[in-house]
Structure formats: C-alpha cells, structure tokens
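Before any comments, here is the structure.
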Amino acid sequence: MMKMIVVAVSGVAAFFVFYLLAMLRTRSARAMDTRLKALFETGAESVGTRRARNKRERVRLRRLDRIADELYVAGVALRAEEFITIWVVTGAIIPASALFLGAPTSLSIGMVIVGAAAPIAFVTIKRNRRLNLLGKQLSDALNIIVNALRAGLSFQTALKNVADEMEEPISREFMRVYRETQLGMPLENSLNRLVQRTANQDLELVCSAVVIQRQIGGNLAVILENISETIDQRIKLRGEIKTMTAAGTLSGYIIGALPVFIVVLLMFINPGYIDMFFTTETGRIMLMISVVLEAIGFSIVRKIVNIKL
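Right under this line is the structure:
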C-alpha cells in the first residue's frame, strides 16, 4: 500500500512539475498576447461587444487548443486528446502496471519520471527546432513578399508565393494564413493567430507592420524591406551572442542534468541502491532539498544566458 502511495504522489508531482515548466515556457507568449490585443483590436467596438468577444476568446483558447497549437507547430500529427492519452499511459498507467506486477518502487518512480517527461521533451525539441528554422527562413520569405508586392500582387497572394516556393515550416504557416483569409477570416485575426502559435518576435514585428499599414496606409514593400534588414542584423547579433555563451550554457546544462540523469539511471539498473531516498524520512528530505537546489541552479543558468534583444 505504501508503495502505491509513493508512486502515486511521485506521478502527481512529476505531472505538476512538467506542467509548471510548460506554463513558464509560454509566459513570453502570454505577454505577446497582451501586446497583440492592443494592436489587433479595433476601437470601433462597443464595450459589450468587446467583452463578449473576449469571453469567446477565453473559451476558445483553452488548454486543449494550446496543446493542439503546440503539436501543430512541432509538426506532430496528433490531436490534443491523443497526445494527452499517450502522456497519461506512459507517465501513469505503465508505471502503475509495473508496480502491480512486482517492480521495485524506485524503478516505478523512474518510469513515472521518464514517461511524464519523454512526450513533452519530444514535442518541445521538435517545436524549438522548427521555430529556429522558421526564424532563419523569415528574411528570405520577406524578400519574396517584397518582390511580389512590387509586381502588383496582393499581400495574401505574396504569402501564397512564399508557401509555394519555400520549405517547411514557414511554407506551412504562411499557407495556413492564406487559406484562413480565403475562407473569410480577417487578415488581422489570422496574423494574430500566427504570432500566437510561433511566439517569434521578428514575425510579430512583420505582422504589426502589415496591420498598421492596412490601417493608416503606406508603401508596404518599402516597410518590409527595411524590416528584413533589421531582422538580418538581429539574427547576426543572436548568432554572435550564442557563440560567446555556448560553452557556459552547455557546461551549465550538463552539470545541472548530470545528477538527475544518474538518479534516473540508477532507478533502472540498480533500484535498491537508491531506495533509501524514497523509503526513509532523511532520504526524502535530502531528495527534496536536491530538487529545490537543482531548480534554483537551472533558473540561474537560464537567466544568465537568456539575453533579450
């Protein structure tokens, strides 16, 4: 009975930790949402209409919608419900079954940690890779848009040209915007959704310029050309900063991840060696202190190397 309680508590704690990390990772995206509301909302709406629309937005942007957007950006062909099912199976059902069949407590806890972390880590890694590639593709996409605008084409048609001529992920994102506008969604709303999905500051700058130009007029081709030059300079500066901080970042992450890796590895290859951390009060206190210190160290490393431009 005690083993079941320990595994259940560990499973709940693991899910809570990874959910908290996911929420912290989207904090910048929520801050971007606040800026986008001020840009994309029109002043002609009444207070009642705006409140009703915001209520509908809050209902629409539920957790399942956020998970679906994460999976879409990562290029994972799963629905939100399917991903949650896989997450629950790997993080709870399989470890509970192993414990029921007689597996050691520490091994079951290790399966909980790995099962809860693996699906999120997989989606996060794929999402970050695709978003980094999208940021590198943005400058070339702007050049295509500028040439199309100078040839007399509309902005939506220029987006389709980008989708036809470039590779994923930017082609997929721009094609989605084009299709949404063809189906009747206002361009401002579609661009708002695009920025919310990608959380890319350079893309936010481009979309803001497009929205402002549609409101007050101006030569969009010249504006986007200037923005393209700015984006090229920012990409170059980010590359230089990443090069200078690469050694410190890598060493910090290795030092921080090494204790966790060793503990999880021992849970699988020699569970009895670390059972005292879960079966004795002193061991549990030591484990809690270690987790707190690991979290503080990881936060400090991220704060040092995360330079905002």
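Heads up: take any position in the sequence shown, counting from 1, add 4, and you land on my numbering.
For every residue, glycine included, the Cβ atom is placed at its ideal position computed from N, Cα and C.
Treat the numbers as computed from the prediction; the structure is a model and nothing was measured.
Quick one: does the C-beta of residue 187 sit closer than 6 angstroms to a heavy atom of the ligand NAD?
This structure lacks the ligand NAD; in fact it carries no ligand of any kind.
Residue 280 and residue 111 closer than 7 angstroms at C-beta
no
Among 152, 81, 220, which residue has its Cα nearest to the Cα of residue 127?
Of the listed residues, the one whose Cα sits closest to residue 127 is 81.
Specify, as a first and last residue, the run of the alpha helix (DSSP H) that residue 188 falls within.
That residue, residue 188, is in no alpha helix (DSSP H); it is neither H nor E in DSSP.
When burial is assigned at 16 or more other CB atoms within 10 Å of the CB, is residue 260 buried or exposed?
By the 16-neighbour rule on beta-carbons within 10 angstroms, residue 260 is buried.
CB residue 162 to CB residue 179, shorter than 7 angstroms?
no
Quick one: using the 10 Å Cβ neighbour count with 16 as the cut-off for buried, is residue 134 buried or exposed?
By the 10 Å Cβ count, residue 134 comes out buried.
Taking all protein chains shown into account, decide if residue 85 is buried (16 or more other Cβ within 10 angstroms of its Cβ) or exposed.
exposed
Alpha carbons only, please: which of 170, 136, 129 is nearest the one belonging to residue 353?
The question about residue 353 has no answer, for the chain in this structure spans 5 to 313.
Pick out whichever of 139, 191, 137, 234 has its Cα sitting closest to the Cα of residue 215.
191
Please work out which residues of its chain come closer than 7 angstroms, Cβ to Cβ, to residue 229, disregarding the five sequence neighbours upstream and downstream, and give them in chain order.
Short of 7 angstroms from the beta carbon of residue 229, and not among the five residues preceding or following it, lie these beta carbons of its own chain, in chain order: 150.
Count the other CB atoms within 10 Å of the CB of residue 234; is the residue buried (16 or more) or exposed (fewer)?
exposed
With H, G and I counted as helix, E and B as strand and the rest as coil, what does DSSP make of residue 284?
Coil, per DSSP.
Rounded to the nearest angstrom, what separates residue 46 and residue 219 at their Cα positions?
Note that residue 46 scores a pLDDT of 46, beneath 50, so its modelled location is shaky and nothing firm can be said.
Per-residue burial, residue 4 [other beta carbons within 10 Å of its own, 16 or more giving buried]
Absent from the structure is residue 4, since the part of the chain shown begins at 5 and ends at 313.
Where the alpha helix (DSSP H) containing residue 263 begins and where it ends
First-last of the alpha helix (DSSP H) with residue 263: 224-273.
So, using beta-carbon positions, are residue 210 and residue 231 closer together than 7 angstroms?
yes
Mind checking which residues open and close the alpha helix (DSSP H) that includes residue 94?
Element bounds for residue 94: n/a, residue is neither H nor E.
Suppose you measure from the CA of residue 273 to the CA of residue 267; what does that come to, to the nearest Å?
10 angstroms
Just the C-alpha distance for residue 70 and residue 121, rounded to the nearest angstrom, thanks.
18 angstroms
For the alpha helix (DSSP H) that contains residue 173, what are its first and last residues?
Per DSSP, residue 173 is not a residue of any alpha helix (DSSP H), being assigned neither H nor E.
Where do the ends of the alpha helix (DSSP H) carrying residue 69 lie?
67-78
Sequence-distant residues of the same chain with beta carbon closer than 7 angstroms to residue 64, five excluded per side:
Low per-residue confidence applies at residue 64: pLDDT is 46, beneath 50, and the placement is therefore not dependable, though the value from the model is reported in the following sentence. Excluding sequence neighbours, residue 64 sits near nothing in its chain.
Start-to-end residues for the alpha helix (DSSP H) that takes in residue 147:
109-154
Give me the Cβ distance between residue 263 and residue 298, rounded to the nearest whole Å; I'm assuming they're in contact under 8 angstroms.
7 angstroms
Run through DSSP, which three-state label would residue 206 get?
helix
Hey, residue 77 and residue 131 are a contact pair by Cβ (cut 8 angstroms); roughly how many whole angstroms apart?
5 angstroms
Once you ignore the five residues that flank residue 108 on each side, which residues in its own chain have a CB closer than 8 angstroms to its CB?
275, 276, 279
Have a look at residue 96 and residue 119 and give me their C-alpha separation to the nearest angstrom.
When only Cα atoms are considered, residue 96 and residue 119 end up about 8 angstroms apart.
For a test of the three-state rule: what should DSSP assign to residue 84, helix, strand or coil?
helix
For residue 294 and residue 304, what's the separation of their Cα atoms in angstroms?
Rounded to the nearest whole angstrom, the CA to CA distance from residue 294 to residue 304 is 15 angstroms.
Going along the chain, which residues of its own chain have a beta-carbon closer than 6 angstroms to the beta-carbon of residue 174, five neighbours each way excluded?
138, 141, 145
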